[in-house]
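Below is one structure, written out as structure tokens; comments come after it.
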Amino acid sequence: MTAVQIKRSQDTVKPYRGRFAPSPSGYLHFGSLITALASFLDARKNNGTWLVRIEDIDPPREKAGASKVILNTLEAYGLEWDEDILYQSTQSELYRDKLATLFNNNQSYYCRCTRAQIKAIGGTYLGYCKSKNHNAELAAIRLINNNAVSNYQDLIQGQVNCSAEFSNEDFIIFRKDGLFAYQLAVVIDDVFQGITDVIRGCDLLESTVRQLSLFQILNKATPRFGHIPLAVTTQGYKLSKQNNAPAINLKQPQMSLIKALVFLGQQPPKELSACSTKDIILWATQHWQRDLIPKQTEISIE
Ligand SMILES: [Zn+2]
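Residue numbers (the numbering used here): 254 to 555.
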């Protein structure tokens, strides 16, 4: 593996810009609250800007009205964002431009392989279509992942190493069903919004290497990444919109906020539970210590 010189935002003295980027596929549950809270507090503690981006590029998975409920929930929890909300659905032209540039620079190719075909050869895509010169018909677009990044230093979890198989894969940047792939949109928007620090859940711990590869290929500075533990059930299931994790209570944010702070290792004093949402957020901002977040990829919350 060749060592890749990663260009990082911290090489310059750019002011901190963080973001929370929910997809409107459901309401906020406890798992998304801890992510929102951690990224918010980390930004505030660093005198940074905190942005909210709605990742609404997968209409079949969207729940009607969810964006509005998510934003109302953030407000009710005292998590006030700076600047306008960015909706990914308004970014299509930019994504299309970048896709065209990558394609014209011979940095991507059309692929017609099905999931079943890839599974049959062991689950890792080995570049079968790279030399086939397929046209766009019934095809996804894959990135030619030269100089893939396979490891990075995480702000919370420390050194993260991914398998060569996963890191080197020519991953999909445009889906066969005509939708932009998550990896493409998220990187373009982190660049677009000048994000310097990404605090999010460990479900994206591995996938970060793909994003780092894409930042390299686009020749853009990479943000710092920090991944907080996932909240899981005692059976080890991740709380997610897909498995119908309960939405957090909009009327009484205090209890959920205290529970989230405890989850994040922040040791809130007992008397804080009697305080207003605003005071809890104020205490949490002043006392936020990223170093106290448990270095675990998941924590059971039941
Ligand atoms: Zn293929």
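We put the CB at the ideal spot given by N, CA and C, even for glycine.
Item	Value
Ile481 and Thr343 - do their beta-carbons sit closer together than 8 angstroms?	no
Is any non-hydrogen atom of ligand 3 found closer than 7 angstroms to the C-beta of Arg428, if you look at the structure I gave you?	Absent from the structure shown: ligand 3. Ligands present: ligand 1.
For Trp541, I'd like the list of residues in its chain whose CB is within less than 8 angstroms of its CB, leaving aside the five on either flank, ordered along the chain.	Leu294, Asp295, Arg297, Lys298 and Gln519
Take the Cβ of Gly284 as the centre, count every other Cβ of all protein chains shown within 10 Å, and call the residue buried at 16 or more, exposed below.	buried
Does Cys366 have its Cβ less than 8 angstroms from a Cβ in chain B?	Of the protein chains in the structure, only one exists, and it is not chain B.
On the DSSP letters alone, give me the boundaries of the alpha helix (DSSP H) that Gln464 sits inside.	Thr461 to Ile470
Check each candidate in Thr487, Ala353, Ile338 and Ala373 and name the one with the smallest Cα separation from Phe427.	Ala353
From Tyr280 to Asn386, what distance separates their C-alpha atoms?	42 angstroms
With Tyr362 as the anchor, note down where its beta strand (DSSP E) starts and where it stops.	Ser361 to Cys364
Straight-line CA distance for Tyr330 to Leu514?	13 angstroms
When a residue counts only if its C-beta is closer than 6 angstroms to some heavy atom of ligand 1, which residues count, in chain order?	Cys364, Arg365, Cys366, Tyr381 and Cys382
Quick check: the Cα distance between Ile307 and Ser526, rounded to an integer number of angstroms?	30 angstroms
For the structure I just gave you, are there three or more beta carbon pairs, one from the stretch 361-380 and one from the stretch 390-404, closer than 8 angstroms?	yes
Around the C-beta of Gln505, are 16 or more other C-beta atoms found within 10 angstroms, so that it is buried, or is it exposed?	exposed
Assign Lys372 to buried or exposed, taking buried as 16 or more other Cβ atoms, counted over all protein chains shown, within 10 Å of its Cβ.	exposed
In this structure, how does DSSP classify Val485 when only helix, strand and coil are distinguished?	strand
Quick check on the burial criterion: 16 or more other C-beta atoms within 10 angstroms. Buried or exposed for Ala401?	buried
In the DSSP assignment, find the beta strand (DSSP E) that holds Arg306 and state where it starts and stops.	Thr302 to Ile307
Could you tell me which of Gly271, Ala291, Arg272 and Ser276 sits nearest to Leu483, measuring between CA atoms?	Ala291
Which residue marks the beginning of the alpha helix (DSSP H) containing Tyr435, and which one marks its end?	Tyr435 to Phe445
For Ala393, report the span of its beta strand (DSSP E) as first-last.	Ala393 to Leu396
State buried or exposed for Pro268, treating a residue as buried only when at least 16 other CB atoms are found within 10 Å of its CB.	exposed
Please report how far the alpha carbon of Thr449 lies from the alpha carbon of Ala537, in whole angstroms.	22 angstroms
I'd like the ranges of any beta strand (DSSP E) spanning at least 3 consecutive residues and lying wholly in the stretch 290-341.	302-307
Kindly give me the distance between the Cβ atoms of Leu339 and Asp442, rounded to whole angstroms, as I take these residues to be in contact under 8 angstroms.	7 angstroms
Suppose contacts are defined by Cβ-Cβ distances below 8 angstroms. Is Phe478 in contact with Asp407 by that definition?	yes
Reducing DSSP to helix, strand and coil, say where Ser267 ends up.	At residue 267 the sequence reads Lys, which differs from the Ser that was named. Looking at Lys267 - three-state DSSP - the assignment turns out to be coil, as it is neither helix nor strand.
As a quick exercise: from Lys512, Thr530 and Thr461, pick the residue whose alpha carbon is nearest that of Glu555.	Lys512
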